[in-house]
Amino acid sequence: MMLVSCFLLLTSGCRHTGEVDVFDPRVSEESRTQEEIFKSMEQKRQLTPAELQPNLAPYKIGVGDWLEIEITGIGGSRSRTFVMPDGRIYYDLAGGIKADGLTVAELSEKLEEALRRDYTSPSVNVTLREVRSRRAWLLGRLNKPGLYPLSQPTTVLEGISLAGGLFSSRQSGSTEELADLGNSFVLRKGEVLPIDLLALIKEGDMSQNIYLRDGDYVYLPSSLSQNVHVLGAVRQPQAIGYKDNLNLVAAIAKARGPSSDANLDKVLIIRGSHSAPKVAVVDFKSILAGKATNVELKPFDIVWVPDRPFQFLERYFWVAFNAAATTIAVREGSNSVETIDGVSPGISFPIGQ
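Numbering-wise (our numbering), the sequence shown opens with residue 313 and increments by one.
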């Protein structure tokens, strides 16, 4: 790790520190070489072979799953039930049986054991009717954005297909102007995965086609929005529609200014696609004091105001980057997805840890 201080913005050109591509927002992008850009992409975490392989283990029942249970040869014993919040099911005279975490075969054995008190050699048939414990969010510019069950191994492309595919214009039949694939991303447990959805969908790069897991967020924003997101320690975090000459001072002002616990010495500006982000560290306090020039923003920039001082940019950047992506997905995704079964698209993340 390298100790990063405010002198980063006083150096000319572009610098790399570890895994983070640091840029100077006051220097023209034309000064960056292709070699430098590709170098930063190579330094990002790569997908692991396990993320590209299906989980072939037997399905394990979870809370909310619907089951059909029947004692073979006993008329009227067929019943549909679901796994309660405590992880148990309640069937016939068996009482509360722990089902969460068991396979269908294991639950059948548990029920048979419990029912032997009242039946002679009972044979119990358990059928999984509806999966509700494993689901993934498919959000943004899709025909049917929503929360989809993962009852079997499902890739990103298969998930997008379940959601009706990319939303297209009825007039032109085109999707390119509506879904911004370059800024699309997949979130898993609060972390942006290193997936290039543009390469996957437009170029057919199947090395990016990971298998979805429970709780994943796939988010494809609109290419027409061109928002700048002002997040972190501001009074009203929000997306601001980009206009020419939008600068850092104006953007933070639109978010009603920094909050009382904001650390203005090192405000982050995150720029570029989610598969190859770069960051600038700006002394916002010096800008307000007239000791440094203001910074012009660009469409899709993320302005992150820290709530505490930090020493190591690489460590803090990934916390802020993942938290910002999570906030964007939840906020914008919730605009297009109604609450399903009492579950809203809100999730929490441990910012500052």
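For glycine and all other residues, C-beta sits at the position ideal for the given N, C-alpha and C. Everything numeric in this text was worked out from a predicted model, so none of it was measured.
For Glu608, no alpha helix (DSSP H) encloses it, and the DSSP letter there is neither H nor E. Distance between Val468 and His586, taken at the CA atoms: about 16 Å. For Gly471, the enclosing alpha helix (DSSP H) starts and ends at Val468 to Leu474. Closest in C-alpha terms to Leu490, from the list Arg500, Val498 and Gly477, comes Gly477. The Cβ atoms of Pro461 and Asn367 do not sit closer than 9 Å to each other. Between Leu505 and Glu626, the gap from beta carbon to beta carbon reaches 9 Å or more.
Cβ contact annotation for Lys597 (same chain, cutoff 8 Å, sequence separation greater than five): Leu576 and Asp577, in chain order.
The straight-line gap separating the alpha-carbon atoms of Gly458 and Ala475 is approximately 7 Å.
Runs of the alpha helix (DSSP H) spanning 4 or more residues and lying entirely within the region 501-583 occur at 509-515 and 560-566, in chain order. Annotation: Leu440 to Gly516 spans about 34 Å, alpha carbon to alpha carbon. Excluding sequence positions up to five before and after Val607, its CB lies within less than 8 Å of the CB of Pro337, Arg338, Asn559, Leu560, Ile581, Ala592, Val594 and Ile599, all in the same chain and listed in chain order. Here Leu379 is actually not in contact with Ile409; their C-beta atoms are around 11 Å apart, not less than 8 Å. The C-beta distance from Leu499 to Gly471 rounds to 13 Å, too long to fall under 8 Å, and the pair is not in contact. Boundaries of the beta strand (DSSP E) around Ser391: Ser391 to Phe394.
The region 385-399 makes contact with the region 411-428: 3 or more CB pairs, one atom from each, lie closer than 8 Å. By DSSP's assignment, Pro361 forms no beta bridge with any residue. Taking the CA atoms as reference points, Ile522 sits about 48 Å from Asp430.
The alpha-carbon of Arg643 is positioned some 11 Å away from that of Gly452.
Per the coordinates, the alpha-carbon of Gly502 lies some 32 Å from the alpha-carbon of Glu418.
Take the alpha-carbon of Gln520 and the one of Asp492: they are about 17 Å apart.
Residue pairing by DSSP places Asn437 opposite Glu382 in a beta bridge.
Under the 10 Å beta carbon count, Thr384 is surrounded by fewer than 16 other beta carbons and is classified as exposed.
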